[in-house]
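Per the working numbering, the sequence shown starts with residue 31, numbered consecutively.
Below is one structure, written out as structure tokens, with a few remarks after it.
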Amino acid sequence: MKFSKHTRSKAQMVGLIFGPVLFFLVLSFDFVPGKPVVTRMAAIALLMSIWWITEAIPLAGTAILPMILYPLMGILAGKATAPIYFNSTIFLFIGGFMIALTMEKWDLHRRLALLTIRTIGGGPSRIILGFMAASAFLSAWMSNTATTIMMLPIGLSIILKMEEEFGEADTHCFALCLMLGIAYAASMGGMATLVGTPPNLVLQRTFQLTFPEAPPISFGIWMIMAVPISVCMVLTIWVVLTKLIYRPAEHLKVDPKIVNDEYKALGPMSYEEKVVAMVFFITALLWVFRKNLVLGFMTIPGWSNLLPTAKLIDDGTVAIFMAFLLFFFPTRNPQAKTATLMDVTVFKNLPWDIVILFGGGFALAKGFQVTGLADFIGNKLQVLAGFSTVAMIGVICTSLTFLTELTSNTATTQMILPILASIAVAMKTNPLLLMIPAALASSCAFMMPVATPPNAIVFGSGRVKIGEMVKAGLLINLIGIVLITTLFLLVGTAVFGIKVGVLPVWAQ
Numbered sequence: 031m032k033f034s035k036h037t038r039s040k041a042q043m044v045g046l047i048f049g050p051v052l053f054f055l056v057l058s059f060d061f062v063p064g065k066p067v068v069t070r071m072a073a074i075a076l077l078m079s080i081w082w083i084t085e086a087i088p089l090a091g092t093a094i095l096p097m098i099l100y101p102l103m104g105i106l107a108g109k110a111t112a113p114i115y116f117n118s119t120i121f122l123f124i125g126g127f128m129i130a131l132t133m134e135k136w137d138l139h140r141r142l143a144l145l146t147i148r149t150i151g152g153g154p155s156r157i158i159l160g161f162m163a164a165s166a167f168l169s170a171w172m173s174n175t176a177t178t179i180m181m182l183p184i185g186l187s188i189i190l191k192m193e194e195e196f197g198e199a200d201t202h203c204f205a206l207c208l209m210l211g212i213a214y215a216a217s218m219g220g221m222a223t224l225v226g227t228p229p230n231l232v233l234q235r236t237f238q239l240t241f242p243e244a245p246p247i248s249f250g251i252w253m254i255m256a257v258p259i260s261v262c263m264v265l266t267i268w269v270v271l272t273k274l275i276y277r278p279a280e281h282l283k284v285d286p287k288i289v290n291d292e293y294k295a296l297g298p299m300s301y302e303e304k305v306v307a308m309v310f311f312i313t314a315l316l317w318v319f320r321k322n323l324v325l326g327f328m329t330i331p332g333w334s335n336l337l338p339t340a341k342l343i344d345d346g347t348v349a350i351f352m353a354f355l356l357f358f359f360p361t362r363n364p365q366a367k368t369a370t371l372m373d374v375t376v377f378k379n380l381p382w383d384i385v386i387l388f389g390g391g392f393a394l395a396k397g398f399q400v401t402g403l404a405d406f407i408g409n410k411l412q413v414l415a416g417f418s419t420v421a422m423i424g425v426i427c428t429s430l431t432f433l434t435e436l437t438s439n440t441a442t443t444q445m446i447l448p449i450l451a452s453i454a455v456a457m458k459t460n461p462l463l464l465m466i467p468a469a470l471a472s473s474c475a476f477m478m479p480v481a482t483p484p485n486a487i488v489f490g491s492g493r494v495k496i497g498e499m500v501k502a503g504l505l506i507n508l509i510g511i512v513l514i515t516t517l518f519l520l521v522g523t524a525v526f527g528i529k530v531g532v533l534p535v536w537a538q
């Protein structure tokens with residue numbers, strides 16, 4: 031009998047075999063006498079963790095396990111589990127991605143990137159900063175994968191031009207900085223908004239599920255905290271790459287003509303681009319100003335207060351509504367293949383595997399909650415209460431940063447956040463004090479090509495060797511741990527009104 035040549039790797043085979051073995055081994059224990067669902071939930075969580083980490087089967091395949099195992103093992107009914115996979119946070123992601131896909135369809139994302147680069151311009155270090163700024167800005171609103179794929183050919187065209195003028199040897203450090211800068215900035219830009227990267231949405235939904243009485247994490251409040259952290263990280267990465275590790279030769283001068291030619295080739299801004307830009311801009315404003323923004327010295331009233339149904343409207347509503355409008359704007363380009371700016375093909379291009387992965391993580395979080403497993407783990411880990419706040423956040427950031435070098439940051443945050451929530455409650459402190467740094471740190475994997483899609487994309491360009499990525503990534507990882515810990519304690523605690531050592535009423 032012949033089998034497909036596409037066989038599983040050794041790691042995948044180990045996960046495929048040992049996942050079920052450990053699943054049944056855990057079931058042989060009784061963690062909480064009289065409450066067998068706690069042990070069953072632990073077994074399910076372990077199985078999903080192993081299969082997610084090793085990718086024994088596709089990530090989305092593992093994510094649907096709760097739909098099978100929850101009813102069979104008496105944790106949740108199928109009709110109660112299914113709605114968890116399709117909630118408002120999922121619609122926030124879908125709506126944001128639909129708008130991003132429409133931006134790509136009409137080349138608006140390319141225009142924005144080139145405009146940013148042309149504006150900053152200058153010598154090699156400034157050109158790298160221009161690319162990083164463009165990558166960070168775009169990935170705050172669209173997929174960091176799509177951002178990197180879009181920025182890569184523009185960057186490579188500049189590298190090729192410089193190699194023609196100065197040779198490959200002299201250009202090597204510039205090429206390294208540019209490729210790594212694009213990837214790293216795309217990851218950091220996603221940190222700035224709730225829709226920028228999956229772990230942020232996982233945090234928002236997990237927090238809402240675990241603490242339904244708590245004030246929700248709104249789009250605007252998140253940006254007030256995360257944008258300064260994101261900007262600091264991007265600037266720090268730029269300094270590390272261009273001034274410390276792979277300093278480009280000073281005699282290299284980037285010809286701005288390449289960027290100008292690329293921009294001029296786009297021609298004048300089309301009607302389609304203008305409409306999509308308007309929708310994009312209005313969507314961002316509606317997200318930011320939906321709820322009251324408390325800036326310390328002043329409060330900006332949210333627009334939803336003008337409506338009698340303000341409490342029923344969330345960021346998912348805004349995302350879907352604005353994306354929905356794109357079905358009604360007609361195209362004017364005679365060469366357009368569709369009658370409207372967005373058509374049915376957008377649904378075919380949505381990353382449904384990520385949507386299912388989201389749902390699986392939310393189902394896992396719900397299982398931790400309803401079975402009491404989260405409380406059980408939290409009580410067992412009260413030993414962490416002896417750590418200082420700074421040390422605890424530092425340990426969490428370090429763990430998440432290096433764990434996500436080899437695992438999906440989405441799957442990792444889905445596994446870790448419910449546990450951290452329980453630890454915080456057991457320690458009588460605000461759960462956000464532990465959950466937010468964990469979500470932020472999960473976006474800071476810079477060492478390995480497999481850590482994030484942007485890393486893999488620039489590694490695939492052939493301009494970066496794995497040793498070079500590890501060398502830069504290790505230092506940036508360590509700096510990132512310190513920066514996130516420090517900036518969150520300075521900015522995040524003030525923005526979210528977190529008082530160290532005080533358990534809010536909604537968490538009791």
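Ideal Cβ placement from N, Cα and C applies to all residues, glycine included.
Problem set entry | Neighbourhood of E85 by C-beta distance below 7 Å, restricted to the same chain and skipping five residues each side | Only Q42 meet the Cβ criterion.
Exercise. Is DSSP giving T313 helix, strand or coil here?
Worked result: In the three-state reduction of the DSSP assignment, T313 falls in the helix class.
Exercise. Quick one, are the C-beta atoms of I539 and I407 less than 7 Å apart?
Worked result: Any property of residue 539 remains undetermined from this structure, which presents the chain solely from 31 to 538.
For this session: May I ask which residues mark the beginning and end of the alpha helix (DSSP H) holding F249?
Result: Where F249 is concerned, the enclosing alpha helix (DSSP H) stretches over F249 to V269.
For this session: Under the assumption that V232 contacts T440 (Cβ atoms under 8 Å), give the Cβ distance between them as a whole number of angstroms.
Result: At roughly 6 Å, the Cβ-Cβ gap stays under 8 Å, so V232 and T440 are in contact.
Exercise. Does DSSP put I330 in a helix, in a strand, or in coil?
Worked result: Here I330 sits in strand by DSSP.
For this session: Label K321 either buried or exposed according to how many other C-beta atoms from any shown protein chain fall within 10 Å of its C-beta, with 16 as the threshold for buried.
Result: Per the 10 Å Cβ criterion, buried.
Exercise. If you compare alpha carbons, which of N460, E302 and L52 is closest to T132?
Worked result: Of the residues N460, E302 and L52, the one whose Cα lies closest to the Cα of T132 is E302.
For this session: For M172, collect the residues of the same chain with a Cβ closer than 6 Å to its Cβ; drop the 5 residues on either side in sequence, then sort them by chain order.
Result: Its chain contains A130 as the residues whose beta carbon lies nearer than 6 Å to that of M172, once the 5 sequence neighbours on both sides are disregarded; these appear in chain order.
Exercise. Out of curiosity, what's the CA-to-CA distance linking M372 and A454?
Worked result: Roughly 44 Å separates the two Cα atoms.
For this session: List the whole-angstrom C-beta distance separating L182 from S491, where the pair is believed to meet the contact cut-off of C-beta under 8 Å.
Result: About 6 Å separates the two Cβ atoms, so the contact holds.
Exercise. Considering only residues of the stretch 187-240, which uninterrupted alpha helix (DSSP H) runs meet the minimum length of 4 residues and lie entirely inside it, listed in chain order?
Worked result: With a minimum length of 4 residues, the continuous alpha helix (DSSP H) runs that stay inside the stretch 187-240 are 198-221 and 228-240.
Exercise. For T370, does the three-state DSSP call read helix, strand or coil?
Worked result: T370 falls in the strand class under three-state DSSP.
Exercise. On the three-pair Cβ rule with 8 Å, is the stretch 236-249 touching the stretch 188-198?
Worked result: No contact exists between the stretch 236-249 and the stretch 188-198.
Exercise. Taking the alpha helix (DSSP H) that V535 falls in, what are its first and last residues?
Worked result: Careful: V535 lies outside any alpha helix (DSSP H) and carries neither H nor E.
Exercise. If we ignore side chains and look at the alpha-carbon of each, how far apart do M31 and L46 end up?
Worked result: Interpretation of M31 is limited by its pLDDT of 49, a score under 50 that renders its predicted location unreliable; no figure is taken from the coordinates.
For this session: Determine which residues share a DSSP beta bridge with P360 and list them.
Result: BP columns for P360 point to T370.
Exercise. Where does T361 land, buried or exposed, given buried means 16+ other C-beta within 10 angstroms?
Worked result: By the 10 Å Cβ count, T361 comes out buried.
Exercise. So, is V525 buried or exposed, given that buried needs 16 or more other C-beta atoms within 10 angstroms?
Worked result: So V525 ends up on the buried side.
Exercise. Does the Cβ-Cβ distance between D345 and L122 come in under 7 Å?
Worked result: Contact: yes.
For this session: May I ask you to report which of helix, strand or coil DSSP gives N322?
Result: Residue state, collapsed to three classes: coil.
Exercise. Excluding sequence positions up to five away, which residues of its chain have a Cβ less than 8 Å from the Cβ of K65?
Worked result: A distance below 8 Å between beta-carbons, with the five flanking residues on each side excluded, links K65 to the following residues of its chain, in chain order: T401 and G402.
Problem set entry | Distance between beta carbons of I487 and A213, contact taken as under 8 Å | Contact flag correct, Cβ pair sits at about 7 Å.
Problem set entry | Closest Cα partner of M209 within the set M499, T370 and A471 | With distances taken between CA atoms, M209 lies nearest to M499 out of M499, T370 and A471.
Exercise. So, using beta-carbon positions, are L316 and V348 closer together than 7 Å?
Worked result: With respect to the 7 Å criterion, L316 and V348 are classified as neighbours on the basis of their beta carbons.
Exercise. Under 7 Å between the Cβ atoms of T236 and Q399?
Worked result: For T236 and Q399, no; Cβs fall outside 7 Å.
Exercise. How big is the Cα-Cα spacing for E292 and G391?
Worked result: Each residue's alpha carbon lies about 42 Å from the other.
For this session: Would you kindly report the start and end of the unbroken alpha helix (DSSP H) that includes D345?
Result: Residue range D345 to L355 is occupied by the alpha helix (DSSP H) that includes D345.
Problem set entry | DSSP three-state assignment for M478, whether helix, strand or coil | Correct three-state label for M478: coil.
Exercise. Under 7 Å, do M255 and G527 count as touching if we go by C-beta distance?
Worked result: In this structure, the beta-carbon distance from M255 to G527 does not fall below 7 Å.
Exercise. Using DSSP with H/G/I as helix, E/B as strand and the rest coil, what is A170?
Worked result: Reduced to three states, the DSSP call for A170 is coil.
Problem set entry | At least 3 beta-carbon pairs within less than 8 Å: the stretch 352-371 vs the stretch 101-118 | Not touching, per the Cβ criterion.
For this session: Enumerate in chain order the residues of its own chain whose CB-to-CB distance from W81 is below 7 Å, with the five nearest sequence positions on each side excluded.
Result: In the same chain as W81, and ignoring 5 residues on each side of it, the C-beta atoms closer than 7 Å to its own belong to G45, G49, I87 and T92, in chain order.
Problem set entry | I426, enclosing alpha helix (DSSP H) - first and last residue | Its alpha helix (DSSP H) spans residues T419 to L433.
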